DNA sequence: GAGCACTGC
């Protein structure tokens, strides 16, 4: 790696300046290229030229306002308060503010409640999954995740109780944010009184604005006069973050792991005090980097003995994650080596130096093979800027990019591919159908997914009996599946189990399949880990094994100590309990009853098949290495080593999901009798060429 | 005998 760092610039020309400190706000509309005339026009209309006044003026006069600025500037949290004071929450109307993450909803809501001097859960409340802290009739400002707002649309498609809807962090372009933004545009045509505020990073402003530009011909006649201005306004706000000095390598690095480690040591030797945050891609790289830095510590004490090196990724047990937030001991410099989790989800306050590898793991979906895979890929400029910004929260910081300035300027894509275009769309499409959107292919998306992906999702939903020949939700199955907060195949399995008399067990399995992994990832104690797992393992497969884990957890009195002894993730188990309770409530609301099959594992497996028949595989003949072929498309797949059926290799199995690494691995596998497949899904299997190996 | 970026309902 080059030891020579080249300082560079990053920030696009600042378009705007702040307000109360005597500056001006920059306001423009999407069609205008002349920003100064826009500014002049606004200046003439606004006697007092302040942030608050500008917001209220724009919301009053434009159907859509787009707030652009540094993310995390805290500027947007003042907006709901301004709106409430200006009377937007009177007469039972509510101001809604969405965030993509639960934690952000909670923290912003409590900050705003405090600023307004009210009790959280009354005038200012929030709603996230499992937790509704609002009082209908009293709550005027409501914070919620965008996913919850989409769920609310199922009961109230026009979101009639909201006067203003503010969507924060829209530039992240998460699946649910994109669905919401599309739906809101549709609502806007039928609700001229509704105001939208969308908060986004600079890079996305123009496309957001042109998306929300309402053409008159698209409005109902009586709505034309009611919408004050169909042209979205853009308001730029300068963030309050400190400047971050960017440094690039002079030559491309060949080994970014090695380069990251050397950069940390070089920062430690040459820079002033302050914590270091390093962005790598995944658990493997992170553990390796931690080890390299620790070895360095052992070899040359003088140089790095005062480094405190900590890994950070989502799979880490909570107690280890909490170490990150404790201040480093006196005289020590904290170095956190992290995945993308530190880019948006967690904020470390003491960070002054950021090291950016330029890579992250990203999900991609191939609609032809119907497989999602996770690959290491270059990040976007927007992401790089976000990473750099993590260094400027405490005081001016520095960001060391392990790539050249030329690469940044010329080759790095300016924004990432929206999640919508990298995902399997079954859940998305079922939600749209439940909201009465029939023409999915013609829907006005912010970024349209491929036709192949949409057609594939429609096919899968049709084969599950969730959609009919006209691509409409079936009744009751389709509508019930849309209600349940699960993957459609899991919903199908659960609903079938109610008819088959094993819902008590299957509701537990559904909850267990909804969490990342219930096992704690532990390296170095593999033998003990395998032994612990064997205590729960059964010949039928992983799903039934999960039932044993759940039983054991309940029997222990939901003990964290018990989890620790058995290599089970306590946080994941608590989530399983929450999800299971919620599912039971949903089932009761649908008029379905819980019934136990009292150990009839055959019935249990048949219920699983009724959701997952499309994921059936048979062991290839003469296969010494455990190769399976999928029945649907003869793809080569293997049982994942984490499965209790690894190396057991039953003749015919059904899997929950595939993970693509060097091979395609099936995760969560259950052994089945091939005859059950035809019984469960004759439409799916009987039309196919008979397979002599099976039947 | 090998592997799981990150959210969300």
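Residue numbers (UniProt numbering): 1 to 695.
Every residue, glycine too, gets a C-beta built ideally from N, C-alpha and C.
Since the structure is predicted, the reported quantities are computational estimates derived from the model, not experimental observations.
Residue environment for residue 570: buried (at least 16 other C-beta atoms within 10 angstroms of its C-beta). Looking at the DSSP output, residue 360 shares a beta bridge with 377.
Here the alpha carbons of residue 311 and residue 130 stand approximately 30 Å from one another.
Sixteen is the threshold: when 16 or more other Cβ atoms of the shown chains lie within 10 Å of the Cβ of residue 340, as they do, the residue is buried. DSSP, read as helix, strand or coil, puts residue 656 in strand.
Contact check for residue 120 against residue 113 passes: the beta carbons are separated by less than 7 Å. Per DSSP, reduced to three states, the secondary structure at residue 636 is strand. Here the alpha carbon of residue 505 sits roughly 15 Å from the alpha carbon of residue 670. Here residue 299 is exposed: its Cβ has fewer than 16 other Cβ atoms, across all protein chains shown, within 10 Å. Residue environment analysis places residue 133 among the buried positions, since at least 16 neighbouring C-beta atoms fall within 10 angstroms of its C-beta. With a threshold of 16 other beta carbon atoms within 10 Å, residue 319 falls short and is exposed. Taking the Cα positions, residue 165 is about 5 Å away from residue 196.
In the three-state reduction of the DSSP assignment, residue 545 falls in the helix class, which pools H, G and I. From the listed residues 282, 352, 154 and 587, the smallest Cα separation to residue 273 is found for 352. Around the beta carbon of residue 143, 16 or more other beta carbons lie within 10 angstroms, which makes this residue buried.
Note on residue 541: 16 or more other CB atoms within 10 angstroms of its CB, so buried under the neighbour-count rule. Collapsing the DSSP output to three states places residue 561 in a helix. Rounded to whole angstroms, the Cβ separation of residue 467 and residue 449 is 17 Å, and the two are not in contact under 8 Å. The region 87-166 is shown to contain whole alpha helix (DSSP H) runs of 4 or more residues at 102-116 and 146-155, in chain order. Between the alpha carbons of residue 494 and residue 477 lies a gap of roughly 11 Å.
In this structure, DSSP gives residue 672 a state outside helix and strand, which the three-state scheme calls coil. Beyond the five residues adjoining it in sequence on each side, residue 582 comes within less than 8 Å, by CB distance, of 129, 130 and 485 in the same chain, given in chain order.
By the Cβ-count criterion, residue 171 is buried, with 16 or more other Cβ atoms from all chains shown falling within 10 Å of its own Cβ. Residue 627: not part of any alpha helix (DSSP H); member of the beta strand (DSSP E) spanning 627-630, first to last residue.
Separation of the CB atoms of residue 306 and residue 331 is rounded to 6 Å, and the pair is thereby assigned contact status at 8 Å.
By the CB criterion at 7 Å, residue 93 and residue 163 fall inside the cutoff.
By the beta-carbon neighbour count (other beta carbons within 10 angstroms, threshold 16), residue 487 is buried. Under DSSP, the beta-bridge partners assigned to residue 366 are 371. For residue 313, the three-state secondary structure derived from DSSP is coil. In the displayed model, residue 597 falls within coil according to three-state DSSP, outside both helix and strand. Around the beta carbon of residue 685, 16 or more other beta carbons lie within 10 angstroms, which makes this residue buried. If you check the CB distance, residue 289 and residue 244 do not come in under 7 Å. Less than 7 Å separates the beta-carbon of residue 615 from that of residue 655. Residue state for residue 494 is assigned as helix, using DSSP reduced to three classes.
Residue 422 sits close to residue 365, with the two beta carbons spaced by under 7 Å. Contact check for residue 572 against residue 507 fails: the beta carbons are separated by 7 Å or more.
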